[in-house]
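First up is the structure itself, then whatever we jot down about it.
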Amino acid sequence: MSDLDEAIREFLMEGQESLVQLEKLFLEAESGEPTPDNLTAAFRLLHSLKGAAGFLNFPNLESLTHAAESLLARLRSGELAFNPAIGNLLMRVVDSLREIFAAIALGKGDNPPGLDWNGLASQLANPAIGGPQATPSAAKVTEKPAVTPPPQVSVQQSILSQQSIQSNDSVVLGRISPGKGDKENSVRIDLELVDRLMALAGEMVLARNRIIQQVGQFNHPALSAASRQLNQVTTELQEAVMKMRMYPISNLWSRLPRVVRDLAQQVGKKCRLEMEGGSTELDKNLIEVIKDPLTHLVRNAVDHGIEGPGERLKSGKSPEGLLTLRARHESGQVIIELQDDGKGMNPRSIRDKAVERGIATRDMVDRQTDQEVLAYVFLPGFSTARAVTQVSGRGIGMDVVKTNIENLGGSIDLDSLPGNGTTVRLRIPLTLAIVNALVVVSGGTHLALPQSGIVELLRLQGERLKALVEESAGTRVLRFRGRLLPLLDLAEILGEPSGNRDESEDRALSIVVVRGEDRIFALAVDRILDAQEIVVKPLPLPLRHVAIYGGATLLGDGRIALIMDIPGLADAGGVAVAAGGGVEIPEAHVSTEQVRPLLLVELVPGRLHGFLLEMVERLEEFETSRIETTTRGPAVPYRGGLLPLVEISGLPGWEGVSRERKIQPVVVHRLKSGLGGLMVNQILNTVEEPWTLVEGGTFPGVSATALVRGRTVEIIDPAFWFDRGKPNG
Amino acid sequence: MVEKTNKPRTTDDQAFGVCVFRLAGLRLGLDVRNVQEVLKPLAITRVPLAPETMDGLVNLRGQIVLAFNLRQRLDLVSREPGNSLQVVCLHQGESVSFLVDALEEVQEIQPGALRPVPSNLPRRLREALMGVLDVDGGLLLILDPARVLGWVAGESDKSAANA
């Protein structure tokens, strides 16, 4: 039955919306005293569902909505008092309706198997016999959430209630004022059509720009006036079309109260969800994408954040936990905050866990601040929950949430005070399709840098240039607010003749300081043009593997600009994660002294090489016989998969991995693409004491040179070597 | 998937039209159903670090379209100066374009008229053809749309990336 009748399709779409509203109304009724307005609104929704069900000939649906409607009527009239059992019953109605809709959508009629029609109908007809849990105590409901089937209801009773419905029906109906309808002013539009409109509006803007340029050449008043009007209308049209795609975030939130309610009952907690800023709008596509991560965060907060009622009372809190969701616009982004007043995260247990999991050393975690330690929560496989419960800790973790949000160009951070709760903050771009970008020129190519990745723009000349830019061994470093940043030449990365290497006295350098993922670095460009709103278009497939681009766009003059992917650029320029030049140097120690622990290894006889220990996942030794040769190079079976191995060949003095040895030491790193092992000659030791950064990278794949205990150590950038091992890298 | 035989690679039992153009001294034909339009050359935006066979991107009325280098793709040595027309093709809903030296005509090809590809043609060229047609003006090489354009839609992304 792929060919659903148009009327049924429309009914289902409206029905789904009604369900969402019904659920919301019922939840509201449950959390406080149900107001007459509340019940009337729910009644009206059920009534129109019933009408449509009758019209489309779905008798079961009709009788269920009828029964639910009558229950509401009795609540409204005061004949019945609201109690938790009724709340659960109403939830069951919503769930059953959902099942029925699903069955109808599949073309299987309105009688899904397994639905207890009689039980539900009789309970609706007489909720007072709903079992012993039908007492007004909320606590009891949490202990016994299941609604047990009620005892048999006599036929007489249901007939009686049917009669009372008939009379109530019209009364309530009479009270529904047509002015209250909120759906009358909207039309449903296919999202594809909206996308098409967006694209057309974009083209129209370009055509308009061309016309305006041409019109300027004629001195014709009427033509000028017409083109001004065209200009205005086009701009407004584009804005209006963009607005069509915007949805209030409350659409996303509407299902969360139910999630919180059900989960709290399941784990025996009490929890209230408050929402602020539900009218904040964001792109429809984004709403779809952040749905799961946000739901996960909410479940996490209820399951791990909020304490049980007893524990809360002991620490002087109200037994009911409070979750607050807030949304607002801030500088072109949507900020979503989820705050709980639970027990917060314990930095000490995070430290222990990090050490236990082998993610960090004891010394390292002890030296890190509590805030830094919280970030471990986002690492794959890290979970502080003592036991994996049925609710959360089912595979998807905070690392997945973080990845999902970052894939959208957003970010996530955490604040937590032990005993006072946790706040998770998501920053999300308003829309995926339109971003603010800075347009720069390098070697004749126009490039757009997403504004979200830009830290600062600099134009250096004369003394300032000399003071801030340091050049050594062909690489440059920028002194930027007490940090040393690698200064990459964009033209060089693009393989173009560089226009900013001129050595004259009056030369000037345009620099953009950018940040991508955990890396911050500086880019020298030929020219900085201007900031624009750009419409992101995907690159044609054969170009998508070029990692430094994130897409393409048309500029106002019809020219094509390539959108840069900042992490991709960092990789191409050999910038290591927070290593090399991206090192954070506290303002007071511009002496470039470092306290980050290093792992020292021997790659080349007689020389020392180091890895930043925080980037090392594990140290392993594999029997050489276990190493297999795959099309992508050597690999070894590891943790149920294959661990790709890379040798750091090409370093001066490199003699290759000895095939004769029985045991191959490997330093395992966690990279964006997964785990990877670097084969080394010998693993020496770790260095915990401060060391001095001598200079930036001297050789591709070496992100910095450092002085450790008086010896020179070349710090290896693992990402470079793994990328090199990949095809087309 | 790769046929080893030299038989014409056509499954069409019906006559079909090919758009005939010149490139590097050769006469090439491409199924008209794949040809969207032929234009004066558009300004090409080069894409640094893109594979060599990619010329870059063109703005086709607000649509960003890939321009690839058919000459390089087929491993042809240029024998005449040219690149005077931009052919925009459609393959599986994606537009893609390349430059040719000149456009000739549309020619009807009868079923069974296609001859096997001569095995001494350069490999790259040979692999891109579905057959040849022996006509008055000399050999007409009929391109296999799936092989010439297919990789653009990601069907054999590797060959594009390694090219």
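So the sequences go chain by chain: A and B.
According to our numbering, the first sequence is numbered sequentially starting from 325.
According to our numbering, the second sequence is numbered sequentially starting from 132.
Positions of the beta carbon are idealized from the N, C-alpha and C atoms, including for glycine.
Identify the contact partners of B/P276 in chain A, using a Cβ-Cβ distance below 8 Å as the criterion. Along the second sequence, read from residue 1 onward, the residue named residue 276 of chain B stands at position 145. What B/P276 touches in chain A, judged by beta-carbon distance under 8 Å, is nothing: the nearest beta carbon there is about 16 Å away.
Interface partners of A/L818 on chain B, CB under 9 Å: Working through the first sequence from its first residue, we reach residue 818 of chain A at position 494. Within 9 Å Cβ-Cβ: P179, L180.
Of all Cβ atoms in chain A, is any one closer than 9 Å to the Cβ of B/G224? Locating residue 224 of chain B in the second sequence gives position 93, counting from the first residue. Output row for B/G224: interface = no.
Candidates A/V1037, A/R994, A/L561: closest to A/T1010 by CA position: Taking the first residue of the first sequence as 1, we reach residue 1010 of chain A at position 686. Per the Cα distances, A/V1037.
Option nearest A/K615 by Cα separation, candidates A/G602, A/L738, A/L576: Here residue 615 of chain A is taken as the residue at index 291 of the first sequence, counted from 1. Its Cα nearest to that of A/K615, the residue A/L576 stands out among A/G602, A/L738, A/L576.
Look at the Cβ atom of B/R254, then the Cβ atom of B/F229, and state whether they are nearer than 9 Å. Mapped onto the second sequence, residue 254 of chain B falls at position 123. Mapped onto the second sequence, residue 229 of chain B falls at position 98. No, they are not a contact pair.
Taking all protein chains shown into account, decide if B/L170 is buried (16 or more other Cβ within 10 angstroms of its Cβ) or exposed. Translated into positions along the second sequence, residue 170 of chain B becomes position 39. With fewer than 16 Cβ atoms within 10 Å of its Cβ, B/L170 is classed as exposed.
For A/P545, three-class secondary structure by DSSP: As a position in the first sequence, residue 545 of chain A is number 221, starting the count at 1. DSSP places A/P545 within a helical segment (H, G or I) once states are collapsed to three.
Neighbour flag for B/I192 against chain A, beta carbons, 9 Å: Position 61 of the second sequence holds residue 192 of chain B. Per the sequence shown, residue 192 of chain B should be read as Arg rather than Ile. Contact with chain A is found for B/R192, since one of that chain's Cβ atoms lies less than 9 Å from the residue's Cβ.
Report yes if the CB atom of A/P581 is closer than 9 Å to the CB atom of A/S603, and no otherwise. Position 257 of the first sequence, counted from the first residue, corresponds to residue 581 of chain A. Position 279 of the first sequence, counted from the first residue, corresponds to residue 603 of chain A. A/S603 is positioned such that its CB atom lies no closer than 9 Å to that of A/P581.
Interface flag, A/I890 vs chain B, CB-CB below 9 Å: Locating residue 890 of chain A in the first sequence gives position 566, counting from the first residue. Chain B contact via Cβ: absent.
Please tell me whether A/E516 has its Cβ less than 9 Å away from any Cβ of chain B. Position 192 of the first sequence, counting from 1, holds the residue named residue 516 of chain A. With its beta carbon at least 9 Å from every one in chain B, A/E516 lies outside the interface.
In angstroms with no decimal places, state the Cα-to-Cα distance between A/L773 and A/P1042. For the purposes of this step, residue 773 of chain A is identified with residue 449 of the first sequence, where counting begins at 1. For the purposes of this step, residue 1042 of chain A is identified with residue 718 of the first sequence, where counting begins at 1. C-alpha separation (whole angstroms): 26 Å.
Secondary structure at A/N624, three-state DSSP: helix, strand or coil? Indexing the first sequence from 1 puts residue 624 of chain A at position 300. DSSP places A/N624 in helix when its eight states are reduced to three.
Report yes or no: is there a C-beta of chain A within less than 9 Å of the C-beta of B/L205? The residue given as residue 205 of chain B occupies position 74 in the second sequence. For B/L205, the answer is no, since every Cβ of chain A falls outside 9 Å of its Cβ.
If I measure Cβ to Cβ from A/E1012 and keep anything under 6 Å in the same chain, skipping five residues before and after, which residues do I get? Locating residue 1012 of chain A in the first sequence gives position 688, counting from the first residue. These residues qualify, in order along the chain: D687, P921.
Tell me whether the segment 427-444 of chain A and the segment 356-372 of chain A touch, counting them as touching only if at least three CB pairs, one residue from each stretch, are closer than 8 Å. Taking 8 Å as the limit for Cβ pairs, the verdict is that the segment 356-372 of chain A does not touch the segment 427-444 of chain A.
Between B/F199 and chain A, is any beta-carbon pair separated by less than 9 Å? Residue mapping note: residue 199 of chain B aligns to position 68 of the second sequence, counting from 1. Chain A contact via Cβ: present.
Integer Cβ distance of A/I630 from A/G666, believed to fall under 8 Å: If you number the first sequence from 1, residue 630 of chain A lands on position 306. If you number the first sequence from 1, residue 666 of chain A lands on position 342. So it is a contact: roughly 4 Å between Cβ atoms.
Since A/K861 sits in a beta bridge, which residues does DSSP pair it with? Counted from its first residue, the first sequence places residue 861 of chain A at position 537. Residue pairing for A/K861: DSSP places it in a beta bridge opposite A/A876.
Assign A/S342 to buried or exposed, taking buried as 16 or more other Cβ atoms, counted over all protein chains shown, within 10 Å of its Cβ. The residue you call residue 342 of chain A lines up with position 18 of the first sequence. Buried, because 16 or more other Cβ atoms sit within 10 Å of the Cβ of A/S342.
Just to make sure I have the definition right: I need the residues of chain B whose C-beta is within less than 8 Å of the C-beta of A/L267. Which are they? Look at the range of chain A in this structure, 325 to 1053, and you will see that residue 267 of chain A is not part of it.
Sequence-distant residues of the same chain with beta carbon closer than 6 Å to A/Q695, five excluded per side: If you number the first sequence from 1, residue 695 of chain A lands on position 371. Residues of the same chain with a CB within less than 6 Å of the CB of A/Q695, apart from the 5 flanking positions on each side, do not exist.
Range covered by the beta strand (DSSP E) that runs through A/P866: Here residue 866 of chain A refers to the residue found at position 542 of the first sequence. Taken as a continuous stretch (DSSP letters only), A/P866 belongs to no beta strand (DSSP E), as it is neither H nor E.
Answer yes if the segment 946-953 of chain A comes into contact with the segment 987-994 of chain A, meaning at least three C-beta pairs across the two stretches below 8 Å, and no otherwise. Judged by Cβ distances under 8 Å, the segment 987-994 of chain A makes contact with the segment 946-953 of chain A, as three or more pairs qualify.
Quick one: is A/N731 buried, meaning 16 or more other Cβ sit within 10 Å of its Cβ, or exposed? As a first step, residue 731 of chain A must be located in the first sequence, where it is residue number 407. Around the CB of A/N731, fewer than 16 other CB atoms lie within 10 Å, so the residue is classed as exposed.
Does the Cβ of A/M337 have 16 or more other Cβ atoms within 10 Å, making it buried, or fewer, making it exposed? Taking the first residue of the first sequence as position 1, residue 337 of chain A is located at position 13. Looking at its Cβ environment, which holds fewer than 16 other Cβ atoms inside 10 Å, A/M337 is exposed.
Which same chain residues, not among the five before or five after B/Q167, have their C-beta less than 7 Å away from its C-beta? In the second sequence, residue 167 of chain B corresponds to position 36, counting from 1. Excluding residues up to 5 positions away in sequence, V219, C220, L221, S226 lie with their Cβ nearer than 7 Å to the Cβ of B/Q167 in the same chain.
Can you grab the Cα-Cα spacing for the pair A/R718 / A/N624, in whole Å? Start at 1 with the first residue of the first sequence, and residue 718 of chain A comes out as number 394. Start at 1 with the first residue of the first sequence, and residue 624 of chain A comes out as number 300. Because the pLDDT of A/R718 is 40, which lies under 50, any placement of that residue in the model is unreliable, and the number read from its coordinates should be weighed accordingly. If I take the Cα positions, the gap works out to 11 Å.
Please state if the CB of A/L385 and the CB of A/D607 are separated by a distance shorter than 9 Å. Within the first sequence, residue 607 of chain A is the residue found at index 283, counting from 1. Within the first sequence, residue 385 of chain A is the residue found at index 61, counting from 1. Not closer than 9 Å, so no.
Could you pull the DSSP bridge partners for A/L833 from this structure? By 1-based counting over the first sequence, the position of residue 833 of chain A is 509. According to DSSP, A/L833 bridges with A/L784.
What do you reckon, are the CB atoms on A/P671 and A/L698 nearer than 9 Å? What you label residue 671 of chain A is simply residue 347 of the first sequence in a count that begins at 1. What you label residue 698 of chain A is simply residue 374 of the first sequence in a count that begins at 1. Contact annotation: A/P671 and A/L698 have beta-carbon atoms nearer than 9 Å.
Would you please verify whether the beta carbon of A/I536 is less than 9 Å from any beta carbon of chain B? Here residue 536 of chain A refers to the residue found at position 212 of the first sequence. No, no contact with chain B.
Taking Cβ-Cβ distances shorter than 8 Å, what residues in chain A pair up with B/V227? For the purposes of this step, residue 227 of chain B is taken as the residue at position 96 of the second sequence. P864, listed in chain order.
Anyone know if the C-beta pair for A/L547 and A/V748 falls short of 9 Å? For the purposes of this step, residue 547 of chain A is taken as the residue at position 223 of the first sequence. For the purposes of this step, residue 748 of chain A is taken as the residue at position 424 of the first sequence. No, the pair does not count as a contact, with Cβ atoms beyond the cut-off.
Just to check my reading of the structure: A/L782 and A/I835 have Cβ atoms closer than 8 Å, yes? What is that Cβ distance to the nearest angstrom? Here residue 782 of chain A is taken as the residue at index 458 of the first sequence, counted from 1. Here residue 835 of chain A is taken as the residue at index 511 of the first sequence, counted from 1. Indeed they touch by this definition, with Cβ atoms about 4 Å apart.
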